[in-house]
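Trainee:
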Amino acid sequence: MTRSSNTSEPWRVGVLFSRTGFMAVIEETQLRGTLTAIEEINAAGGINGRPLEPVVYDPGSEASAFGRYAKKLMVEDGVSTIFGCYTSSSRKAVLPVVERLNGLLWYPTLYEGFEFSPNVIYTGATPNQNSVELCRILMERYGTRFYFIGADYIYPRESNRIMRELIRNSGGTVVGESYVRMGASRGEFLPVMRDVKRAQPDVIFSTVVGDGTVYLYQAYADLGLDPKVMPIASLTTTEAEIRAMGFDVGEGHITAAPYFQGVGSERNSSFVRDYKKRYGDDEPTNMCLEASYFQVNAFAKTLEQTNSMDTEILRASVMGSEFEAPQGDVAINPLWGHADLWTRIGRANRQGQFDLVYESPSCVLSDPYLLGYGRSLGQKNLELA
Amino acid sequence: MQETIDIARFAREPQGAGARKDASGRDAPSGPSSSRSFWNLKVAVIVDRDDDGERLIRELQRLRCDVHHEWPMPSQIPAQYDVVFCVLSPDLPQRLPWIPGEPASALVVIDPGTGMLDLNLLHNCAAHGVLHYPVTSRSVQSTLALARGHFLYERRLRGRIEKLDESLRTMRSVERAKSLLMRLKNVSEEEAYNYLRRQAMERRVTIGAVASAIIDSYELLG
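Going down the list, the protein sequences come from chains P and V. 993 is the number that my numbering gives the last residue of the first sequence; the numbers go up by one with no jumps. 706 is the number that my numbering gives the last residue of the second sequence; the numbers go up by one with no jumps.
#1: CB-CB under 8 Å to E741 of chain P, same chain, minus the five flanking residues each way: which ones, in chain order?
#2: Looking at chain V, is there any beta carbon in it that lies within less than 8 Å of the beta carbon of L639 of chain P?
#3: Taking the straight line between their C-alpha atoms, what separation do you get for T637 of chain P and D819 of chain P?
#4: In chain P, which residues lie with their C-beta within 7 Å of the C-beta of G585 of chain V?
#5: Is it the case that the Cβ atoms of V926 of chain P and A906 of chain P are separated by a distance below 8 Å?
#6: Applying a beta-carbon distance threshold of less than 8 Å, which residues of chain P neighbour P577 of chain V?
#7: Taking only the alpha-carbon atoms, compute the straight-line gap between V694 of chain V and R923 of chain P and give it to the nearest angstrom.
#8: Give the interface partners of R653 of chain V over in chain P, defined as CB-CB distance under 7 Å, in chain order.
#9: Taking Cβ-Cβ distances below 8 Å as the criterion, which residues of the segment 625 to 650 of chain V are in contact with chain P?
#10: Any idea if L964 of chain P is buried or exposed, counting beta-carbon neighbours within 10 angstroms, 16 or more meaning buried?
#11: Is there contact here, the segment 596 to 603 of chain V with the segment 652 to 669 of chain V, by at least three beta-carbon pairs under 8 Å?
#12: Find out if the Cβ-Cβ distance for the pair V869 of chain P, Q961 of chain P is shorter than 8 Å.
#13: Spatial neighbours of F797 of chain P within its chain, please: CB distance less than 6 Å, with the 5 preceding and 5 following residues excluded, ordered by chain position.
#14: At what residues does the alpha helix (DSSP H) containing T731 of chain P begin and finish?
#15: Could you list which residues in chain P have their beta carbon closer than 8 Å to that of H607 of chain V, in chain order?
#16: What residues match up with L712 of chain P in a beta bridge as DSSP calls it?
#17: Are G622 of chain P and I729 of chain P touching if we call contact CB-CB under 8 Å?
#18: Is there a C-beta anywhere in chain P that falls below 8 Å from the one on R660 of chain V?
#19: Have a look at F635 of chain V and V705 of chain P and give me their C-alpha separation to the nearest angstrom.
#20: Figure out for me which residue from P:M771, P:R627, P:T628 has the closest Cα to the Cα of A841 of chain P.
#21: For the 8 Å Cβ check, are there 3 or more pairs between the segment 615 to 630 of chain P and the segment 661 to 673 of chain P?
#22: Hey, would you say Y901 of chain P sits closer than 8 Å to T734 of chain P, going by beta carbons?
#23: Which residues in the same chain as M485 of chain V place their Cβ atom closer than 8 Å to its Cβ, once the five residues preceding and following it in sequence are excluded?
#24: So which of P:E920, P:A852, P:V800, P:T910 has the shortest CA-CA distance to D890 of chain P?
#25: Quick one, are the C-beta atoms of L572 of chain V and C549 of chain V less than 8 Å apart?
#26: Contact check, L463 of chain V vs I698 of chain V under 8 Å by CB: the rounded distance?
#27: May I ask you to list the residues that DSSP assigns as paired with Y787 of chain P?
#28: Near L943 of chain P, which residues of its chain fall below 8 Å by C-beta distance, leaving aside the five closest residues on each side in sequence?
#29: Note the first and the last residue of the continuous beta strand (DSSP E) segment covering K526 of chain V.
#30: So, K940 of chain P versus A947 of chain P, is the Cβ gap smaller than 8 Å?
#31: Measuring alpha carbon to alpha carbon, tell me which of P:A848, P:T910, P:K884 ends up nearest I921 of chain P.
#32: E932 of chain P lies in the beta strand (DSSP E); which residues open and close that run?
#33: Who are the Cβ neighbours of A528 of chain V in its own chain at under 6 Å, not counting the five residues just before and after it?
#34: Let me know the secondary structure DSSP gives T815 of chain P once reduced to three states.
#35: For L713 of chain P, which option in P:V687, P:E720, P:P659, P:I649 has the closest C-alpha, if you only look at C-alpha atoms?
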């Protein structure tokens, strides 16, 4: 798999995001982020004179299809590096394949943490980079009574377990909890919202993903509830979902993310400008798109140095490396292979953008097993970055 | 030198590993490296029934494996056997019904010995062993033993990782339950932990289950 440098043969990489099914809204933007980065790199002459060639499949929002396509990529297409996956169930389907055949999966999505594979580079946030600060701010501004709504799969169950721990340790309570099935229809959110109305929490913490996000926020709006008093807080509702549900529906709700389109840096301004030029003025960027974009650039910078697609060599080289991303300076944590990312908390406005409520002073070291957050919010991890 | 090669922890599934008596009624040596561990092993053999194929099938039958022969090669390799012997074909990875890393059985590929050896193809099959024609009794036995041994070892490792992941989560709830108990019952760390352990033993559940129950009920009380 190590190729000689005297060639213009393309570097082939695999890309696995759903363009169809109930996860398409967000995964489509991750596909765009990946392909945008690849096109930019190729336009600038490729890597050591060789272009990147993406081999793209659409797993159609079905977890087992991610496993099958990962096998196809590695076995039939001879690819060893794969960019892809949004849901934790799809990542867990790809995991045995990349581990057994020694591939490298670049995973650009926030997730619940508590995982470490030598065959994955994680570039989305883990709970210490979003949930911890989110919990503190919600309790400060809105109150201590939480209601959990989630889709019924790994990520919501695990995120809620962690959130519950944070809330309890800071003296708050969880007054209700409901799960809807993955790919639930609009009607299934009405009884949930009625239960919320009955329980009268101060905050709704949502781990609903995909099309369900739109139904949830719309059901909330239909019942005439007020986000100023009882907002929905989420780790996954980005500009893409807000646009899908309607700006008026999304306004006032809270999201924690390493990146919002509104991040005010020169790097981000040009990223947003180029993206809009390519896909249209009303197409917003979002955190998952941004992670998909910067991880391809991180990969390219690494490959430029190694000039080899060999997983062992690539991984050794990427660990500990630093990159300038649209969200700011980030690094791949050498201990965990997870990215050190920024913590930001935003409130959606009428323009479908997020106004910043909180921003970390620099990127926050990743701590996927929450080793630094054993007992309470007061006991914070040392931020060395 | 030992008479038999000590292949680490090579064993039949527990249900197949019952104590067997030999003809004289004495307890037979049924250690993990005994050839008796091949008895009734369900083996699929996917080869042409030429002289080499016949020799392989005969040897497996002599070892008292439960042999199932299939030819031509099916589009999907069957998954319900303990071990699969299959001729290495360029599209073998696609014919395997499992994804690499989660095999349903041990896989021995047979190199027919013609053409260039494709190491990448071998890698993509994620096989547990390779057999070369013409086979000998020794090569079949040793390959079968190692392939089966590696397959079971991998499965144990996967199980261990799963267990570790689960334990990590459990440890967090035990920690939380312990500090809850210390606060509510005003007891020491040692006493809180002993309480959890005693409850788990009396109720015959895991300490993690007791911890979760305590945390949940505390939350219900508010």
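Ideal placement from N, C-alpha and C gives every residue a C-beta, glycine not left out. These numbers were taken from a predicted model, which means no experiment stands behind them.
Mentor: Reading off the structure:
#1: A864, T951, I953, Y966, S968
#2: no
#3: 14 Å
#4: P704, V705, E707, R708
#5: yes
#6: K679, V683, E684
#7: 41 Å
#8: F722
#9: D649
#10: exposed
#11: no
#12: The identity of residue 869 of chain P in the sequence shown is Gln, whereas the question assumes Val. Their beta carbons are under 8 Å apart, which means Q869 of chain P touches Q961 of chain P by this criterion.
#13: Excluding sequence neighbours, F797 of chain P sits near Y823, L824, A827.
#14: Unbroken run through T731 of chain P: none, as it is neither H nor E.
#15: L709
#16: Partner(s): P:T689.
#17: no
#18: Yes - at least one Cβ of chain P is within 8 Å of the one on R660 of chain V.
#19: 16 Å
#20: P:M771
#21: yes
#22: Judged by beta-carbon spacing, T734 of chain P lies beyond the 8 Å limit of Y901 of chain P, meaning their Cβ atoms are not closer than that value.
#23: With a pLDDT of 38 at M485 of chain V, under the threshold of 50, the modelled position of this residue cannot be trusted, and the question is left open.
#24: P:A852
#25: no
#26: This structure cannot speak to residue 463 of chain V, because chain V is shown only from 485 to 706.
#27: P:G758
#28: none
#29: K526 of chain V -> beta strand (DSSP E) spans 526 to 530.
#30: Sequence inspection shows Ile at residue 940 of chain P; the Lys mentioned does not correspond to that position. Yes, they are a contact pair.
#31: Nearest neighbour of I921 of chain P by Cα position, chosen from P:A848, P:T910, P:K884, turns out to be P:T910.
#32: 930 to 933
#33: H552, P562, Y565, V568
#34: Strand.
#35: Of the candidates P:V687, P:E720, P:P659, P:I649, the one whose C-alpha sits nearest the C-alpha of L713 of chain P is P:V687.
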